[in-house]
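Chemist: Positions 1 to 286 (the UniProt record's numbering) are the ones given, in order, by the sequence shown. Please find one structure pasted underneath; my questions will follow.
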Amino acid sequence: MDRYKFTPDRLYNCDETGISLVPKSKAKIIATKGRKQVGSIASAERDETVTVELCMNSVGRYMQPLFIFPRKRHNMEFMRNAQPGSTVQFHPSGWMQKTIFEHGHSIHTKSIELNNLAHDNGIILLCFPPHCTHRMQPLDMGLIKPLSVYYDTEITHWLPSYPGEVVNLKHIAEIFGSAFAKAAAMTTAMNSFKSTDIITFNPDVFIDSDYIAAETTNQPLETIEVLQECGQEIHETVSTVYPIQIATTSKNTMCTGQIESGQSNLISPITPVLKKNHFISTSITD
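The structure is reproduced here in structure tokens:
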């Protein structure tokens, strides 16, 4: 940011999202109090996923969406009643075929063609740190969730308006365009960038409570205390073995055992102890 001296109107965030023919969430329905069942119209079309590429900047400007339909052949009928400026591509999978951002990768992208194209057009590609986009990416923080809710609501309203019809790929651009027009407000984009502290850089965007989930796997290495606990359990289980002795070397910590007098000495298999759920086994030979 300091190197290139970006102004807010030149900083864009780009990401893709998947939309479905069948709504993932159910809209709220008003009904008489006490009714157990409330009927509603649902689409009977087989579910398919369409990829939509979204882009916005920090002053509230949006680029019109790019649709990628899961089809081999181009069919511009799919863009009927779409928002002006929307673009379309077709591919059998319905997904992006180039990795635009490789989060945390030193070169940001696996596509040399994309790097060259961006360089030729004066575009500088930046990446987010790994596993941080849910808190640092403006689209995730402000636009994608309400856009998904608006889209599901638009499908719910569309079905009663066209009795006997089902939502198919030819209706996606129109329905999504209506939802996008409602969700893509200027204040939404501005607040999304502000909440991620990208414009006014803040290295403390993550607070202490954000790291609580990682504490379950961030435990100190257990050595002597665990070995003593393991030794007591073995002593209670195998009556012919005296309590475990602890032998510590410079490299690791081991458990050894010795059987009762009158029988040959035994040293149990040496097992490094790293965590409580590791097992220490002891066997007796004649």
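Just so you know, even glycine gets a beta-carbon here, dropped at the ideal spot from N, CA and C.
(1) Just to confirm my understanding: we take Pro8, look at its own chain, exclude 5 residues before and 5 after, and list those with CB closer than 6 Å. What are they?
(2) Measure the alpha-carbon distance for Glu165 versus Pro138 and round it to whole angstroms.
(3) Between the Cα of Met56 and the Cα atoms of Ser195, Ala118, Met190 and Thr217, which residue gives the shortest distance?
(4) Quick one: does the C-beta of Glu77 sit closer than 7 Å to a heavy atom of the ligand MN?
(5) Starting from the C-beta of Ile144, find all residues in its chain whose C-beta is less than 8 Å away, skip the five residues before and the five after it, and write them out in chain order.
(6) Under the assumption that Ser192 contacts Met141 (Cβ atoms under 8 Å), give the Cβ distance between them as a whole number of angstroms.
(7) Expressed to the nearest angstrom, what Euclidean distance is found between the alpha-carbon atoms of Gly122 and His157?
(8) Can you tell me whether Glu113 is helix, strand or coil according to DSSP?
(9) Can you give the Cα-Cα distance for Ile155 and Asn75, rounded to whole angstroms?
(10) Suppose you measure from the CA of Leu126 to the CA of Ile112; what does that come to, to the nearest Å?
Modeler: By the coordinates alone:
(1) Position 8 of the sequence shown, counting from 1, holds the residue named residue 8. If we look at Pro8 and ignore the five residues flanking it on each side, its Cβ neighbours are Ser58, Val59 and Ile199.
(2) By 1-based counting over the sequence shown, the position of residue 165 is 165. By 1-based counting over the sequence shown, the position of residue 138 is 138. About 36 Å.
(3) Stepping through the sequence shown from its first residue, residue 56 is reached at position 56. Answer by Cα proximity: Met190.
(4) In the structure shown, the ligand MN is absent, as is every other ligand, since no ligand is present at all.
(5) Residue 144 sits at position 144 when you count from the first residue of the sequence shown. Contacts found: Asp15, Thr17 and Leu54.
(6) To locate residue 192, count along the sequence shown from 1; it is residue 192. To locate residue 141, count along the sequence shown from 1; it is residue 141. Right, their Cβ atoms sit about 5 Å apart.
(7) Taking the sequence shown and counting its residues from 1, the one referred to as residue 122 is at position 122. Taking the sequence shown and counting its residues from 1, the one referred to as residue 157 is at position 157. Spanning the two alpha carbons is a distance of roughly 43 Å.
(8) Residue mapping note: residue 113 aligns to position 113 of the sequence shown, counting from 1. Residue state, collapsed to three classes: helix.
(9) Reading the sequence shown from its first residue, position 155 is the one you call residue 155. Reading the sequence shown from its first residue, position 75 is the one you call residue 75. Cα to Cα, Ile155 sits roughly 22 Å from Asn75.
(10) The count along the sequence shown starts at 1 and reaches residue 126 at position 126. The count along the sequence shown starts at 1 and reaches residue 112 at position 112. When rounded, the distance between both Cα atoms is 15 Å.
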